[in-house]
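**Student:** Residue numbers (numbering that gives the first Met the number 0), protein chains in the order written: chain A, 0 to 194; chain B, 0 to 66. Take a look at the following structure, please.
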Amino acid sequence: MIEETPRQHYNDKQKDTIFHGEFMPHINSMYNFAYRLTMDSDDAKDLLQDTYLKAYRFIDSFQQGTNAKAWLFRILKNSFINDYRKKSKEPSKVDYQEVESFYNSEDVDRQITPDLRVEALQDMIGDEISDALNSLDVDFKTVIILADLEEFKYDEMAKILDIPIGTVRSRLHRARNLLKEKLSEYAKKMGYKNA
Amino acid sequence: MLQSILDGEATPQQKEHFLKHHLEECMPCYKNYHLELKIKELLKTKCTGGCPEEVANNIKQQIKSAQ
Numbered sequence: 000m001i002e003e004t005p006r007q008h009y010n011d012k013q014k015d016t017i018f019h020g021e022f023m024p025h026i027n028s029m030y031n032f033a034y035r036l037t038m039d040s041d042d043a044k045d046l047l048q049d050t051y052l053k054a055y056r057f058i059d060s061f062q063q064g065t066n067a068k069a070w071l072f073r074i075l076k077n078s079f080i081n082d083y084r085k086k087s088k089e090p091s092k093v094d095y096q097e098v099e100s101f102y103n104s105e106d107v108d109r110q111i112t113p114d115l116r117v118e119a120l121q122d123m124i125g126d127e128i129s130d131a132l133n134s135l136d137v138d139f140k141t142v143i144i145l146a147d148l149e150e151f152k153y154d155e156m157a158k159i160l161d162i163p164i165g166t167v168r169s170r171l172h173r174a175r176n177l178l179k180e181k182l183s184e185y186a187k188k189m190g191y192k193n194a
Numbered sequence: 000m001l002q003s004i005l006d007g008e009a010t011p012q013q014k015e016h017f018l019k020h021h022l023e024e025c026m027p028c029y030k031n032y033h034l035e036l037k038i039k040e041l042l043k044t045k046c047t048g049g050c051p052e053e054v055a056n057n058i059k060q061q062i063k064s065a066q
């Protein structure tokens, strides 16, 4: 789970410095991610605690001054998969292989887009975007969070998620189209109410 | 291409060509680009909360005891 990097041997003071200076600053982002994954504030809290404890325990695997945020996110994501993801709740309803080529095509962008207008989005002052994000499957939700909320680059995302960069791109593309579809539904409902 | 631009993964030349030339010629791309920008803005403003203070303090406490 933890990458094979040359092990450091920090003393307690160094560990403290790294932990408070490089790990703790990301706690808001980490909490948000934990919450979106678990959809439960108690589980999010536990997941977050587990992650930071692991980060401290394995701190010698972390190279001081390198990308702490990506390193932490990777631990969190792995902890989620191992300990929190309710396997019974996730039968694979999404056949990634089959629909990938369809959803990657430029045509799909053109088909979905006409239904959704920027003006409709301006009117979404409530929880529409948050609900739309939550409605996505974990894997799609994750790439949106990492790319759009946390602004990770594709190669960082590839390392965090243990997938090829190509998969990052296609999954992101698909996730964005799904998000637009969902927002489109909301926009239609809003239009209907106003009619 | 549009996705690469949005994600900051395109080269400066690609970005310039896309934003200054392509968008003027291609309505679907123009629409889509602005749509995606708006969605990104919504995500950023409405989907970030932050860690409750007691949770953060709890973690700091746990680390202290782990030392």
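Even glycine gets a Cβ: it sits at the ideal position worked out from N, Cα and C.
Once you ignore the five residues that flank Asp-122 of chain A on each side, which residues in its own chain have a CB closer than 7 Å to its CB?
**Tutor:** Stepping through the first sequence from its first residue, residue 122 of chain A is reached at position 123. Contacts found: Met-189.
**Student:** Taking C-beta to C-beta, are Phe-203 of chain A and Leu-36 of chain A nearer than 7 Å?
**Tutor:** In the structure as shown, chain A begins at 0 and stops at 194. Residue 203 of chain A is therefore absent and cannot be evaluated.
**Student:** Give the residues from the region 31–63 of chain B that approach chain A closer than 8 Å (Cβ to any Cβ), ordered along the chain.
**Tutor:** From the region 31–63 of chain B, only Asn-31, His-33, Leu-34, Glu-35, Lys-37, Ile-38, Lys-39, Leu-41, Leu-42, Lys-43, Lys-45, Cys-46, Thr-47, Gly-48, Gly-49, Cys-50, Pro-51, Val-54, Ala-55, Asn-57, Ile-58, Lys-59, Gln-61 and Ile-62 have a Cβ closer than 8 Å to chain A.
**Student:** When burial is assigned at 16 or more other CB atoms within 10 Å of the CB, is Ser-64 of chain B buried or exposed?
**Tutor:** Taking the first residue of the second sequence as 1, we reach residue 64 of chain B at position 65. Ser-64 of chain B comes out exposed.
**Student:** Does the Cβ-Cβ distance between Ile-159 of chain A and Arg-56 of chain A come in under 7 Å?
**Tutor:** To locate residue 159 of chain A, count along the first sequence from 1; it is residue 160. To locate residue 56 of chain A, count along the first sequence from 1; it is residue 57. Not in contact: Ile-159 of chain A and Arg-56 of chain A (Cβ atoms no closer than 7 Å).
**Student:** Along the alpha helix (DSSP H) that carries Cys-28 of chain B, what are the first and last residues, could you check?
**Tutor:** The residue given as residue 28 of chain B occupies position 29 in the second sequence. 26–45 is the span of the alpha helix (DSSP H), which, as asked, contains Cys-28 of chain B.
**Student:** Evaluate Glu-67 of chain B with the Cβ neighbour count: other Cβ atoms within 10 Å of its Cβ, from every protein chain shown; 16 or more gives buried, anything less gives exposed.
**Tutor:** For chain B, the structure presents residues 0 to 66; residue 67 of chain B sits outside this window and is missing.
**Student:** Is the region 159–178 of chain A close to the region 127–146 of chain A, with three or more CB pairs under 8 Å?
**Tutor:** Segments in contact, yes.
**Student:** Can you look up Phe-17 of chain B in the DSSP assignment and give me helix, strand or coil?
**Tutor:** As a first step, residue 17 of chain B must be located in the second sequence, where it is residue number 18. DSSP places Phe-17 of chain B in helix when its eight states are reduced to three.
**Student:** Taking just the CA atoms, how far does Gly-49 of chain B sit from Asn-221 of chain A?
**Tutor:** There is no way to answer for residue 221 of chain A, as the model of chain A reaches only from 0 to 194.
**Student:** Is the beta carbon of Ile-58 of chain B closer than 7 Å to that of Gln-48 of chain A?
**Tutor:** To locate residue 48 of chain A, count along the first sequence from 1; it is residue 49. To locate residue 58 of chain B, count along the second sequence from 1; it is residue 59. Taking 7 Å as the Cβ cut-off, Gln-48 of chain A and Ile-58 of chain B qualify as a contacting pair.
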